[in-house]
Amino acid sequence: MNVNGKRFLKIVCIVVLSAICIIGCSHRDLTPPVENWKFAVMCDTRGDNTSTPGKTCLNDEVVRAIACDIKREGCELVIVPGDMVNGWWANGGEKIYGISKGSTPYERQFANWKEAMAPCYESGIKVYTIRGNHEHGWSAVYPPEPPYDPVAAPGIKKAYIEAFGADNPDNGPPGEKDLTYRVAHKNACFLGLDEYAAPHRVNQE
Numbered sequence: 001m002n003v004n005g006k007r008f009l010k011i012v013c014i015v016v017l018s019a020i021c022i023i024g025c026s027h028r029d030l031t032p033p034v035e036n037w038k039f040a041v042m043c044d045t046r047g048d049n050t051s052t053p054g055k056t057c058l059n060d061e062v063v064r065a066i067a068c069d070i071k072r073e074g075c076e077l078v079i080v081p082g083d084m085v086n087g088w089w090a091n092g093g094e095k096i097y098g099i100s101k102g103s104t105p106y107e108r109q110f111a112n113w114k115e116a117m118a119p120c121y122e123s124g125i126k127v128y129t130i131r132g133n134h135e136h137g138w139s140a141v142y143p144p145e146p147p148y149d150p151v152a153a154p155g156i157k158k159a160y161i162e163a164f165g166a167d168n169p170d171n172g173p174p175g176e177k178d179l180t181y182r183v184a185h186k187n188a189c190f191l192g193l194d195e196y197a198a199p200h201r202v203n204q205e
């Protein structure tokens with residue numbers, strides 16, 4: 001290739017690259033900017049380790065204060081990854097495990113939590129929850145040791161789904177409805193993964 005041919009090729013390359021850059025910049029300029037928005041993450045709002053009869057099984061005052069702050073900050077959704085209430089642990093009964101005489105029922109515990117979070121619910125702020133061990137059950141030994149096989153507390157899963165199932169999307173895999181899910185909101189995607197529905201396994205469905 002002679003000198004003129006090389007110059008022509010260089011000019012063509014420059015023109016093509018310039019066109020690509022201009023098109024790319026124009027495309028970005030036409031894309032509307034993502035609107036800034038806020039979300040909140042909170043967890044482990046359960047009560048103390050005493051087993052006082054009639055206890056609410058959550059830290060009411062702190063949860064209410066957090067809910068008010070979330071509303072005041074203008075958050076659009078809340079992610080709660082577990083341990084919302086005492087559940088099976090130190091729930092006011094004679095035994096520290098499970099539900100026994102004098103203990104606060106699971107249904108009442110979850111209702112207490114939702115009452116404390118009223119500023120969010122009443123403002124239309126979406127609240128998405130995931131179970132922690134206090135919403136499932138205890139380990140066969142304490143402290144927990146491998147293979148970490150928790151024992152499900154009777155009735156607590158049903159109470160959890162009745163309290164929060166309607167708030168969680170129904171797009172999870174079979175057997176994990178209202179437990180595992182995804183939430184798409186504006187430019188973000190949140191995954192709620194329940195670790196107790198299929199322990200020690202990866203659900204690839």
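If you read the sequence shown in the UniProt record's numbering, its first letter stands for residue 1, the second for the next number, and so on. Every residue gets a Cβ at the ideal spot worked out from N, C-alpha and C, and that includes glycine. For clarity, every value in this text was computed on a predicted model and none was experimentally measured.
Identified DSSP bridge partners for residue i
i: Trp138; result: Val151
i: Tyr181; result: Gly192
i: Ala40; result: Val78
i: Tyr128; result: Ile79
i: Arg46; result: Leu58
Beta-carbon contacts of residue i that lie in its chain and below 6 Å, excluding the five residues immediately before and after
i: Arg28; result: For Arg28, the pLDDT reaches just 48, beneath the cut-off of 50, and the residue's location in the model is therefore unreliable, although a value from the coordinates is still provided. So no residue of the chain qualifies.
i: Ile161; result: Asp178
i: Ile99; result: none
Nearest-angstrom beta carbon gap, residue j and residue i [assumed within contact, 8 Å]
i: Thr45; j: Met84; result: 5 Å
i: Lys38; j: Glu73; result: 6 Å
i: Cys75; j: Ala40; result: 5 Å
Helix, strand or coil at residue i according to DSSP, with G and I counted as helix
i: Glu94; result: coil
i: Trp89; result: coil
i: Ala198; result: coil
i: Ile70; result: helix
i: Ala166; result: coil
i: Pro146; result: coil
i: Lys158; result: helix
i: Pro174; result: coil
Neighbourhood of residue i by C-beta, 7 Å cutoff - its chain only, sequence neighbours within 5 removed
i: Cys120; result: Ala67, Ile70, Lys71, Val78, Val127
i: Met42; result: Ile66, Val78, Val80
i: Asn49; result: Ala90
i: Pro181; result: A quick correction: the sequence has Tyr, not Pro, at residue 181. Answer for Tyr181: Asn168, Pro169, Asn171, Gly172, Gly192, listed in chain order.
Residue i burial status per 10 Å Cβ neighbour count (16 or more: buried)
i: Asn168; result: buried
i: Leu191; result: exposed
Sequence-distant residues of its chain with Cβ nearer than 8 Å to residue i (five each side left out)
i: Ile156; result: Gly87, Trp88, Tyr106, Glu135, His136, Gly137
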